[in-house]
Amino acid sequence: GDLLVTTAKDKLLRLVDPRAAEGTISSATAHVGLRFCRSIWLGDSPYLLSVGHNNAQEREFMIWDSRNLSAGNVKRERIDSSYGSIVPLYDADLNSLVLMGKGDSSLRMYELDFTGGVGAASAESATAYAISNNTVSTGASDVTKGACLLPKQANDLMSCEVMRILKLTEGAVQ
Numbered sequence: 382g383d384l385l386v387t388t389a390k391d392k393l394l395r396l397v398d399p400r401a402a403e404g405t406i407s408s409a410t411a412h413v414g415l416r417f418c419r420s421i422w423l424g425d426s427p428y429l430l431s432v433g434h435n436n437a438q439e440r441e442f443m444i445w446d447s448r449n450l451s452a453g454n455v456k457r458e459r460i461d462s463s464y465g466s467i468v469p470l471y472d473a474d475l476n477s478l479v480l481m482g483k484g485d486s487s488l489r490m491y492e493l494d495f496t497g498g499v500g501a502a503s504a505e506s507a508t509a510y511a512i513s514n515n516t517v518s519t520g521a522s523d524v525t526k527g528a529c530l531l532p533k534q535a536n537d538l539m540s541c542e543v544m545r546i547l548k549l550t551e552g553a554v555q
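Mapping to the working numbering: the sequence shown position 96 is 477, numbers consecutive.
If you want it as structure tokens, here you go:
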């Protein structure tokens, strides 16, 4: 892609063209909570995802249309009221979003749908369907420190495996 998306301590979500003299193309206020925010592109679509905390220190995610950041987010969803930051993982082939919280032992999966009017900055243009809220592991020592998606070549297709996630814990990679 031609553009970068960034978040910083000033709570702004920025769209940056690294080749332009001015740099920042547009910006919008994202998560106003005191905790760390993250942002990612959602595949080849014009949509961005940001995760962070709101005023009540509840974790949330927002979906933005990069073509019109000033219009605000097109989707906002509260996740929970936990303390740790969220690690967002996106699989563009499956339109699946996985959210793993640092310090948590669970993951949340969403299927994203952009067919409700790509280009229209409205709540109907991006929909997130919750797939699961499954516990990954139960021990207090197995809390998440980080996570990543493995490449598709690592999946066992004969066992119908379509996604594989590595979870970093205190003493192991699971």
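Note that CB positions come from ideal geometry on N, CA and C, so glycine has one too. Nothing here was measured: the structure is a model prediction, and the numbers come from that model.
Residue i and residue j look like a contact to me (Cβ under 8 Å); what is the Cβ gap, rounded to whole Å?
| i | j | result |
| --- | --- | --- |
| SER463 | ARG440 | 6 Å |
| GLY433 | ALA411 | 6 Å |
| LEU408 | THR388 | A quick correction: the sequence has Ser, not Leu, at residue 408. 10 Å between Cβ atoms; not a contact. |
Once DSSP output is grouped into helix, strand and coil, what is the label at residue i?
| i | result |
| --- | --- |
| SER518 | The pLDDT assigned to SER518 is 48, lower than 50, so where the model puts this residue is not dependable, and the model offers no usable value. |
| MET539 | helix |
| ARG416 | coil |
| SER487 | strand |
| SER477 | strand |
| ALA501 | Residue placement at ALA501 is flagged as unreliable, the pLDDT there being 41, under the threshold of 50; the coordinate-derived value follows with that caveat. In the structure shown, ALA501 sits in coil (DSSP, three-state: anything other than H, G, I, E or B). |
| LYS548 | strand |
| ARG395 | strand |
| ILE390 | According to the sequence shown, residue 390 is Lys rather than Ile. Note: LYS390 maps to coil in three-state DSSP. |
| ASP425 | coil |
| GLY494 | Just to set this straight, residue 494 is Asp in the shown sequence, not Gly. In this structure, ASP494 counts as strand in the three-state DSSP scheme. |
From the options, pick the residue whose C-alpha is nearest to that of residue i; which is it?
| i | options | result |
| --- | --- | --- |
| LEU415 | TYR510, LYS456, SER466 | SER466 |
| LEU531 | SER431, THR525, LYS548 | LYS548 |
| VAL554 | SER447, ASP523, ASN436, ALA402 | ASP523 |
| ASP485 | GLY453, ASN449, VAL468, ALA509 | VAL468 |
| ASN476 | VAL543, ALA528, GLU492 | GLU492 |
| LEU480 | ASN536, VAL543, SER431 | SER431 |
| CYS529 | ILE444, GLY482, ASP537 | GLY482 |
| THR525 | LYS533, ASP446, ARG489 | ARG489 |
| ASP453 | TYR471, GLN534, LEU393 | A quick correction: the sequence has Gly, not Asp, at residue 453. When each option's Cα is compared against that of GLY453, the closest is LEU393. |
Leaving aside the five residues before and after residue i along the sequence, list all residues of the same chain whose C-beta is less than 6 Å from its C-beta, in chain order.
| i | result |
| --- | --- |
| ASP461 | ARG440 |
| ALA401 | none |
| ALA473 | GLY424 |
| ASN435 | GLY414, GLU441 |
| GLN438 | GLY414 |
| ARG395 | THR387, THR405, SER408 |
Apply the 10 Å Cβ neighbour rule to residue i and answer buried if 16 or more other Cβ atoms are within range, or exposed otherwise.
| i | result |
| --- | --- |
| GLY404 | exposed |
| ARG545 | exposed |
| SER451 | exposed |
| ALA511 | exposed |
| CYS418 | buried |
| MET539 | exposed |
| THR519 | Caution is warranted here: a pLDDT of 38 is assigned to THR519, below 50, making its placement in the model unreliable, and the coordinate value is therefore given only provisionally. THR519 should be labelled exposed. |
| ASP446 | buried |
For residue i, which residues from the same chain have a beta carbon less than 7 Å from its beta carbon, with the 5 sequence-adjacent residues on both sides left out?
| i | result |
| --- | --- |
| GLU458 | GLU441, PHE442, ALA509 |
| GLY527 | VAL468, LEU549 |
| VAL543 | LEU475, ASN536 |
| PRO399 | LEU385 |
Tell me which same chain residues have a C-beta within less than 8 Å of the C-beta of residue i, skipping the five on either side of it?
| i | result |
| --- | --- |
| ALA504 | Its pLDDT being 42, under 50, ALA504 is placed unreliably in this model, and the value from its coordinates should be taken loosely. VAL455, LYS456, listed in sequence order. |
| VAL397 | LEU384, LEU385, VAL386, THR387, GLY404, THR405, ILE406 |
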